[in-house]
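Below is one structure, written out as structure tokens; comments come after it.
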Amino acid sequence: EAQVTQNPRYLITVTGKKLTVTCSQNMNHEYMSWYRQDPGLGLRQIYYSMNVEVTDKGDVPEGYKVSRKEKRNFPLILESPSPNQTSLYFCASSQRGAGVGETQYFGPGTRLLVL
Amino acid sequence: AQSVTQPDIHITVSEGASLELRCNYSYGATPYLFWYVQSPGQGLQLLLKYFSGDTLVQGIKGFEAEFKRSQSSFNLRKPSVHWSDAAEYFCAVAPGGFKTIFGAGTRLFVKA
Numbered sequence: 566e567a568q569v570t571q572n573p574r575y576l577i578t579v580t581g582k583k584l585t586v587t588c589s590q591n592m593n594h595e596y597m598s599w600y601r602q603d604p605g606l607g608l609r610q611i612y613y614s615m616n617v618e619v620t621d622k623g624d625v626p627e628g629y630k631v632s633r634k635e636k637r638n639f640p641l642i643l644e645s646p647s648p649n650q651t652s653l654y655f656c657a658s659s660q661r662g663a664g665v666g667e668t669q670y671f672g673p674g675t676r677l678l679v680l
Numbered sequence: 074a075q076s077v078t079q080p081d082i083h084i085t086v087s088e089g090a091s092l093e094l095r096c097n098y099s100y101g102a103t104p105y106l107f108w109y110v111q112s113p114g115q116g117l118q119l120l121l122k123y124f125s126g127d128t129l130v131q132g133i134k135g136f137e138a139e140f141k142r143s144q145s146s147f148n149l150r151k152p153s154v155h156w157s158d159a160a161e162y163f164c165a166v167a168p169g170g171f172k173t174i175f176g177a178g179t180r181l182f183v184k185a
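Protein chains in written order, with my numbering: chain C, 566 to 680; chain A, 74 to 185.
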């Protein structure tokens, strides 16, 4: 089954404790992206990747890191989480990106609480 | 700056009634336009998309959307709403390149 998986689905952590949220897709997509969803703000793009070893900032990249060492995986790293990063996070993938009209496929989301 | 506006934070519709969700965008040219639906506890699923051609676009689950260039709008419609349509709906714009801009979402409640 074609899908985007994220782990963990739920995470509670404390300020400053490094964490990684994994994202994996099995569709051989070149493009992957991370979003955060906050009430009243919709989804905001954090980082995206056009292919292996190629990443770029979205609209809200501060406090986040990403890497794309393999085509299927695109982990999101919070080196020193803060309470304002409490949010619902979505990973998405598509063959070439929405900018050429392609559909993005979304993971189920990771709900993060930073105390 | 590019932006997407969904003026209605939430809408309540009776089951069987028609539905229209509004979306306006700010962008110089015609971008790629999308509507996604998010059911409770789920990720987002594409309903439909537009980038050229016929301005009335048909999607899944009986939804359609109409692109109006003069109004910079891409409103989502459904002639008869079912209880299972209760969800949050997001309009999104991809102005080119690799970024996507989402609206704040409209939560749909369906009355029995």
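Just so it is clear, CB atoms sit at the ideal spot from N, CA and C, and this is done for glycine as well.
C-beta contact flag for residue i and residue j at 7 Å
| i | j | result |
| --- | --- | --- |
| G135 of chain A | K151 of chain A | yes |
| F639 of chain C | G116 of chain A | no |
| F163 of chain A | F175 of chain A | yes |
| S153 of chain A | G89 of chain A | yes |
| M597 of chain C | S614 of chain C | yes |
| E161 of chain A | Q118 of chain A | no |
| L643 of chain C | L584 of chain C | yes |
| G666 of chain C | F140 of chain A | no |
| Q660 of chain C | H594 of chain C | yes |
Contact with chain C by residue i, beta-carbon distance below 7 Å
| i | result |
| --- | --- |
| Y162 of chain A | no |
| G176 of chain A | yes |
Residue i - DSSP class collapsed to helix/strand/coil
| i | result |
| --- | --- |
| G605 of chain C | coil |
| D158 of chain A | helix |
| V665 of chain C | helix |
| S87 of chain A | strand |
| R180 of chain A | strand |
| Q79 of chain A | coil |
Cβ distance (whole Å) where residue i is taken to contact residue j below 8 Å
| i | j | result |
| --- | --- | --- |
| L120 of chain A | Y109 of chain A | 6 Å |
| Q610 of chain C | G623 of chain C | 3 Å |
| G586 of chain C | L641 of chain C | First, the amino acid is wrong: residue 586 of chain C is Val here, not Gly. The Cβ separation is near 5 Å, so the contact holds. |
| Q79 of chain A | T179 of chain A | 5 Å |
| Y105 of chain A | S76 of chain A | So it is not a contact: roughly 15 Å between Cβ atoms. |
| L606 of chain C | T675 of chain C | That belief does not hold up - the Cβ atoms of L606 of chain C and T675 of chain C are roughly 17 Å apart, past 8 Å. |
Residue i: CB within 6 Å of a non-hydrogen atom of the ligand PLP
| i | result |
| --- | --- |
| Y600 of chain C | The model on display carries no ligand, and the ligand PLP is accordingly not part of it. |
Residue-level contact to chain A via CB, residue i, 7 Å cutoff
| i | result |
| --- | --- |
| L678 of chain C | no |
| P673 of chain C | yes |
Exercise. In the segment 120–138 of chain A, which residues sit with their C-beta less than 9 Å from some C-beta in chain C, listed in chain order?
Worked result: K122, Y123, F124, S125
Problem set entry | Under 7 Å (Cβ pairs) to chain A, residues found in the segment 625–658 of chain C | F655
Problem set entry | Residues, ordered as in the chain, of the segment 581–597 of chain C that lie near chain A by beta-carbon distance below 9 Å | Y596
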